[in-house]
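Read the structure below first, then the notes.
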Amino acid sequence: MSDETLENTETPETPESTEPQYVIPDESSAWSLAERIAWHILEKKGEDVLVLDLRGRSDVCDFFVVASGKTNTQVQAIARHVNNELAAVGQKPKGIEGQDQGRWSLLDYFDVVVHVFVEEAREYFQIERLWSDGMRLDVTPEWYQDEAVKARHPEVNFFQGGDPAVQG
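For the sequence shown, my numbering gives the first residue as 4, with consecutive numbering after it.
Pasting the structure below:
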């Protein structure tokens with residue numbers, strides 16, 4: 004062998020990513036359901052509402068919708084309201100957990116899983132931190148004033164009976 008050092012000046016080829024690139028909002032039925040669930044949570048004064056995009060990160064579902072209520076009773080009311088509103092349009096959950104206790108209610112709609120916590124339980128479980136590598140969208144009532152949102156949900160009158168603080 005020679006004492007000469009051979010340098011490789013070629014840049015190694017890297018395969019293009021084959022993973023889909025997701026964006027929110029999008030036109031998927033799962034996103035539409037998550038967006039509608041977030042609205043129904045806001046109708047019952049749920050707080051700190053967010054949607055976590057888990058596509059490509061979880062085999063369980065595409066989105067988590069996470070929110071807080073101030074009391075066990077409010078958490079129960081929010082979960083019951085979401086369930087009732089979606090049942091009225093033919094969306095039945097695969098499962099409901101924690102409805103009786105009220106500290107944490109979970110509604111499983113296959114592609115979308117809803118978590119409603121009392122504030123202390125949400126701080127304890129820190130779902131947002133556990134899934135921090137996914138996209139996150141904080142949802143406020145103002146989100147539903149956008150014309151694109153209204154176009155995705157022509158059957159919903161977002162501010163009739165909704166949050167009076169944002170009605171114009």
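For every residue, glycine included, the Cβ atom is placed at its ideal position computed from N, Cα and C.
Reference residue i, options the options, closest by Cα
| i | options | result |
| --- | --- | --- |
| D65 | R155, Q129, E38 | E38 |
| I81 | V63, H43, P144 | H43 |
| R83 | V119, D62, V54, V68 | V119 |
| E123 | L36, D149, P96, T74 | T74 |
| D29 | D51, V52, R58 | R58 |
In DSSP terms, what residue i is bridged to
| i | result |
| --- | --- |
| D111 | G98, V116 |
| L53 | V69, D141 |
Own chain partners of residue i with C-beta closer than 6 Å, once the 5 adjacent residues on each side are dropped
| i | result |
| --- | --- |
| H156 | none |
| G101 | W107, S108, L109 |
| E260 | For residue 260 there is no data in the structure shown, the boundaries of the chain being 4 and 171. |
| S61 | none |
| T8 | Legend: pLDDT at T8 = 42, less than 50; position of this residue unreliable, no value from coordinates given. |
Nearest-angstrom Cα separation, counted from residue j out to residue i
| i | j | result |
| --- | --- | --- |
| A70 | G49 | 6 Å |
| P144 | K153 | 12 Å |
| T127 | L133 | As written in the sequence, residue 127 is Tyr, which differs from the Thr given in the question. The straight-line gap from Cα to Cα measures roughly 11 Å. |
| Q24 | G72 | 33 Å |
| V121 | D56 | 22 Å |
| F162 | L140 | 20 Å |
| V159 | V68 | 19 Å |
| E46 | K95 | 19 Å |
Check whether residue i and residue j have beta carbons under 8 Å apart
| i | j | result |
| --- | --- | --- |
| Q129 | G105 | no |
| M138 | I27 | yes |
| V117 | V85 | yes |
| G93 | D111 | no |
| V142 | V52 | yes |
Own chain, CB closer than 7 Å to residue i, minus 5 neighbours either side, in chain order
| i | result |
| --- | --- |
| A33 | D65, F66, D114, V115 |
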